[in-house]
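J.:
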Amino acid sequence: MLSEEIKNNKLLEKKRLNALPALERPVTVRLKFRKTGSLQYISHLDLQRTFNRVISRACLPVWYTKGFNPHIKMVFSTPLSIGAQSVCEYLDIKIDREMPCEEIMKRLNAELTDELYVTDAYFPSHDFSEIAGACYDVEIYTQGANEKMAEEIQSVLTTSPVMLTKKTKSGEKEIDIIPLIYSVNTSFDSERSTVKINCVLSASSTEYLNPEMLMTALKQKLGIMSGDAREEWYSIMRTELLRQNMTKFE
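As structure tokens, this is what we get:
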């Protein structure tokens with residue numbers, strides 16, 4: 000009985016959507032969302048599948064691609080690595096009927112959770128190709144964390160070369176990661192007994208530095224985060240995306 004009621008409500012909602020004024024051509028709407036908590040462990044492919052289902056359930060007037068396999072047109076900004084959280088992820092969708100951005104955001108959030116939540120919806124003025132950098136907050140808890148360790152980490156991440164193996168489309172290659180670290184500032188938090196790293200890393204499509212590579216460098220150079228995982232941990236939070244001139248991307 001309940002499933003039949005839900006089905007009828009969906010059909011009614013689709014009729015309402017079809018009654019909305021049609022646009023002359025599909026219009027791009029940009030969604031800014033956060034991905035935090037346990038959802039830091041889902042892959043980019045899983046994220047795509049999730050939004051595909053959520054958008055369908057939200058009954059949005061989205062534009063579908065043409066051809067034998069029509070699907071919702073979705074374009075994500077710079078992918079987030081598994082194990083990292085973010086409060087500044089972006090997704091572009093296209094709509095073919097008039098609907099206020101506020102209504103789009105409201106409908107999506109009704110289907111989402113606090114860990115995956117749309118914080119803004121608007122018509123974009125910049126392309127994802129303009130993204131050049133990303134800001135991160137990294138927190139490290141390990142035995143012996145102190146001011147000296149913070150200084151040592153600062154030295155490692157600012158002294159070239161730090162050669163690491165990076166996977167590329169053409170295969171693996173050795174790179175010096177230091178030129179891809181635009182800025183870094185470390186400090187010791189005595190209340191939490193952790194070392195905090197605030198950094199800006201290259202995030203362009205041609206020179207993307209995964210923040211996990213910073214941890215790899217610290218393991219190799221300082222030997223930290225290479226012991227018992229129950230006694231050591233770190234977290235990575237992406238806080239902002241930047242354009243070429245290091246201004247905020249929107």
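Numbering that gives the first Met the number 0 applies: residue 0 is where the sequence shown begins, and numbers increase by one.
Yeah, the Cβ is synthetic: ideal placement off N, Cα and C, and Gly gets one too.
1) Counting only runs of 4+ residues fully inside the segment 57-138, write out the alpha helix (DSSP H) ranges in chain order.
2) What does the Cβ neighbour count give for residue 102, buried or exposed, with the cut at 16 atoms within 10 Å?
3) Closer than 6 Å by C-beta to residue 129: which residues in its own chain qualify, once you throw out the five before and the five after it? Chain order, please.
4) In this structure, what does DSSP give as the bridge partners for residue 29?
5) Given this structure, state the Cα-to-Cα distance separating residue 239 from residue 198, to the nearest angstrom.
6) Can you have a look at residue 61 and say buried or exposed, based on whether 16 or more other CB atoms are within 10 angstroms of its CB?
7) Secondary structure at residue 50, three-state DSSP: helix, strand or coil?
8) Quick one: Cα of residue 230 to Cα of residue 134, how far?
9) Residue 77 and residue 216 - do their beta-carbons sit closer together than 8 Å?
10) For chain C, check one thing: does any of its Cβ atoms lie closer than 8 Å to the Cβ of residue 79?
11) Residues in its own chain within less than 8 Å of residue 208 by CB, not counting five upstream and five downstream?
T.: Short version:
1) 100-108
2) exposed
3) 242
4) 91 and 121
5) 11 Å
6) buried
7) helix
8) 27 Å
9) no
10) Absent here is chain C; the protein component of the structure consists of one chain.
11) 176, 179, 180, 200, 201 and 202
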